[in-house]
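Written out below as structure tokens is the structure these notes cover.
There are 2 protein chains.
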Amino acid sequence: MEIMEPDISTVAGLIADSARSKILTALMGGQALTATELSIEADVTPQTASSHLAKLLEGELLQVRKQGRHKYFQLKGPHVAAVLEQLLVLTALSTPKTSTGPKDPRLKHARVCYDHLAGELGVQLYDALVSANMLEDFGELTRLTEKGKTYFMSLGVDFQQFNKNSRPVCKSCLDWSERRNHIAGHLGSWILNYIFEQKWAKQDLDARSITFTSKGLKAFNSTFLIKQ
Amino acid sequence: MEIMEPDISTVAGLIADSARSKILTALMGGQALTATELSIEADVTPQTASSHLAKLLEGELLQVRKQGRHKYFQLKGPHVAAVLEQLLVLTALSTPKTSTGPKDPRLKHARVCYDHLAGELGVQLYDALVSANMLEDFGELTRLTEKGKTYFMSLGVDFQQFNKNSRPVCKSCLDWSERRNHIAGHLGSWILNYIFEQKWAKQDLDARSITFTSKGLKAFNSTFLIKQ
DNA sequence: CATTTAGTTCGATGTACATCGAAGCATCAT
DNA sequence: ATGATGCTTCGATGTACATCGAACTAAATG
Numbered sequence: 001m002e003i004m005e006p007d008i009s010t011v012a013g014l015i016a017d018s019a020r021s022k023i024l025t026a027l028m029g030g031q032a033l034t035a036t037e038l039s040i041e042a043d044v045t046p047q048t049a050s051s052h053l054a055k056l057l058e059g060e061l062l063q064v065r066k067q068g069r070h071k072y073f074q075l076k077g078p079h080v081a082a083v084l085e086q087l088l089v090l091t092a093l094s095t096p097k098t099s100t101g102p103k104d105p106r107l108k109h110a111r112v113c114y115d116h117l118a119g120e121l122g123v124q125l126y127d128a129l130v131s132a133n134m135l136e137d138f139g140e141l142t143r144l145t146e147k148g149k150t151y152f153m154s155l156g157v158d159f160q161q162f163n164k165n166s167r168p169v170c171k172s173c174l175d176w177s178e179r180r181n182h183i184a185g186h187l188g189s190w191i192l193n194y195i196f197e198q199k200w201a202k203q204d205l206d207a208r209s210i211t212f213t214s215k216g217l218k219a220f221n222s223t224f225l226i227k228q
Numbered sequence: 001m002e003i004m005e006p007d008i009s010t011v012a013g014l015i016a017d018s019a020r021s022k023i024l025t026a027l028m029g030g031q032a033l034t035a036t037e038l039s040i041e042a043d044v045t046p047q048t049a050s051s052h053l054a055k056l057l058e059g060e061l062l063q064v065r066k067q068g069r070h071k072y073f074q075l076k077g078p079h080v081a082a083v084l085e086q087l088l089v090l091t092a093l094s095t096p097k098t099s100t101g102p103k104d105p106r107l108k109h110a111r112v113c114y115d116h117l118a119g120e121l122g123v124q125l126y127d128a129l130v131s132a133n134m135l136e137d138f139g140e141l142t143r144l145t146e147k148g149k150t151y152f153m154s155l156g157v158d159f160q161q162f163n164k165n166s167r168p169v170c171k172s173c174l175d176w177s178e179r180r181n182h183i184a185g186h187l188g189s190w191i192l193n194y195i196f197e198q199k200w201a202k203q204d205l206d207a208r209s210i211t212f213t214s215k216g217l218k219a220f221n222s223t224f225l226i227k228q
């Protein structure tokens, strides 16, 4: 007669497999990927990937769009991304060597975290907005000030639109490589979109890291008041 | 040469097993439990539980305190609890029947979520504080107002102490049964502690649900301005 | 039409691991 | 001392499942 606690183990089991976890983290890049792309990413044959993708769909972690003979897969929603991000943080904390490790060029510098900017640049953006009094920082809590609100409205943000669904406007998100906050939520999503719209940067092939043009980086820095 | 993304799958694998997930959710109750208690909770023999507990320790999800011939296990920290909570939310979302289900007496009413109050009472507390202008609600974001700060200081909260480590003072946390916010973070932890200190309630045997005395419930309601 | 490409289904193989019984150490009680 | 309790290690058993080769469907291409 007791209320059953939801059974975590099945969902965790979906993430537990090495190939599937690679697929999921690849999809943290935010963009939809095809089955074969994901099979390459996961380093398994297409047949194996197909089986995994079926399971991830069944488990409601992914969604598909069919286009011609291609199938484009995506994370099902922000809640899924949140779980993955938390797991990344936890793993990064318990294995300090690999995480803050020395190597790596681009992924550490700037990458996409589901639908917003992460990496060094993401953290810099966060810090700049805080020191410009556009963002108030309370640990993991973050709030856009009036000044910040008017500023982003001048850039074209429609906050009316944001409030329509339940997603928070502005949410901080712990970065597993930097271990610092960066901006998630609606605003984070909008900013990343803006970056691509302005053609300041483009997403790399590996679907997670992004590269700024030199002009784009300058524009980004000046628009968001990041002091070099 | 690329930076390796942390391997989520190993941590997920620890949670993926049915017995281990039962152990972990049992420990979401916040209080330390012995190996045999956990073996009962997980519905396996002591030997099996022992093997699982060793793995969870190895994987840094748990910590132990040895006392005499007993071993008391606990979640290693808030980050672990955060992952579990996110997984609970995700699972609850994808299986709506079981989660918001009809049955259940106590667990739905008031329970402990790692170190703070959840369930109907937790949500009521949250709402009351918001409507009393002590808490500002921005979706998943929450902030204590000046009014709230002074109020809690009058109850004996030492905010100086809170700021010493990195944990956020006040953080909202999605409730998997109610699908509404409740208070986590330092303040959430303090409030739960206060409830036990005042002997308004005691934690049940199943380690997750808590029962208020009738006097305690009244005191709780009036202290935190919850209108019946 | 035939041919390539994307994705699937099926069956066989192998491996990882959860489980418990039995036996072994501690620690507490009497 | 002797016995009881809490927890662990070892070994044997069984099962679940990831993997790929081979063969199949569906869509684009020419």
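Taken in sequence, the protein lines are chains A and B. Counted from 1, the first sequence has number 132 at position 132 by our numbering; the numbering is strictly sequential. Counted from 1, the second sequence has number 118 at position 118 by our numbering; the numbering is strictly sequential. Virtual Cβ for every residue (Gly too), placed ideally from N, Cα, C.
Within chain B, the residues A16 have their CB atoms less than 7 Å from the CB of G13 (chain A), given in chain order. In the three-state DSSP reduction, I210 (chain B) falls in the strand class (E or B).
For E37 (chain A), no CB of chain B lies under 9 Å from its own CB, so it is not counted at the interface with that chain. Pairing T34 (chain A) with A26 (chain B), the inter-Cα distance amounts to about 39 Å. At a C-beta separation below 8 Å, A92 (chain B) has these neighbours in chain A: P6. Nearest CB-CB separation between H116 (chain B) and chain A: not below the 9 Å threshold.
R20 (chain A): member of the alpha helix (DSSP H) spanning 18-27, first to last residue. Between L187 (chain A) and L144 (chain A), the C-beta gap is smaller than 9 Å, which places the two residues in contact. For D137 (chain B), the pairing in a beta bridge is given by DSSP as B:T142. Here the segment 54-62 of chain B does not lie against the segment 28-43 of chain B, with fewer than 3 beta-carbon pairs under 8 Å apart. In this structure, the beta-carbon distance from R180 (chain B) to G29 (chain B) does not fall below 9 Å. Only residues of its own chain outside the window of five on either side were considered, and among them M134 have a CB closer than 7 Å to the CB of Y151 (chain B), listed in chain order. Between I210 (chain A) and K202 (chain A), the C-beta gap is smaller than 9 Å, which places the two residues in contact. Scanning the segment 11-92 of chain B for uninterrupted beta strand (DSSP E) segments of 3 residues or longer gives 62-67, 70-75, listed from N- to C-terminal end. Looking at the DSSP output, V123 (chain B) bridges to nothing. Straight across, the Cα-Cα distance linking T48 (chain A) with I23 (chain A) is about 12 Å.
In this structure, the alpha-carbon of Q63 (chain A) lies about 5 Å from that of Q74 (chain A). Assigned with DSSP and collapsed to three states, I226 (chain B) falls in coil, not helix or strand. Your pair A32 (chain B) and R65 (chain B) checks out as a contact, with CB atoms roughly 7 Å apart and the cut at 8 Å. DSSP links V112 (chain A) through a beta bridge to A:L117.
At least one C-beta of chain B is nearer than 9 Å to the C-beta of A82 (chain A). Take the alpha-carbon of A81 (chain B) and the one of Q161 (chain A): they are about 33 Å apart. DSSP, reduced to helix, strand and coil, places Q161 (chain A) within a helical segment of the structure shown. Residue contact check for G122 (chain A) against chain B: no CB pair falls below 9 Å. Within the model, the alpha-carbon separation for V11 (chain B) versus I8 (chain A) is close to 13 Å. Of all residues in the segment 48-77 of chain B, those with a C-beta nearer than 9 Å to a C-beta of chain A are G59, E60, L61, K76, G77, reading in chain order.
For A201 (chain B), the enclosing beta strand (DSSP E) has its first and last residue at 201-203. Counting the other Cβ atoms within 10 Å of the Cβ of E5 (chain B) gives 16 or more, which makes it buried.
H79 (chain B) belongs to the set of residues whose beta carbon lies under 9 Å from a beta carbon in chain A. Counted as a single uninterrupted DSSP element, the stretch harbouring G156 (chain B) is not any alpha helix (DSSP H), since DSSP gives it neither H nor E. Buried is the label assigned to T142 (chain B), since at least 16 other Cβ atoms lie within 10 Å of its Cβ.
Per DSSP, reduced to three states, the secondary structure at A184 (chain B) is strand. Counting the other CB atoms within 10 Å of its CB gives D17 (chain A) a total of 16 or more, which places it among the buried residues. By the neighbour-count criterion, in which a residue is buried when 16 or more other Cβ atoms sit within 10 angstroms of its Cβ, Q67 (chain B) is exposed. The beta carbon of L87 (chain A) falls within 9 Å of a beta carbon belonging to chain B, placing the residue at that interface.
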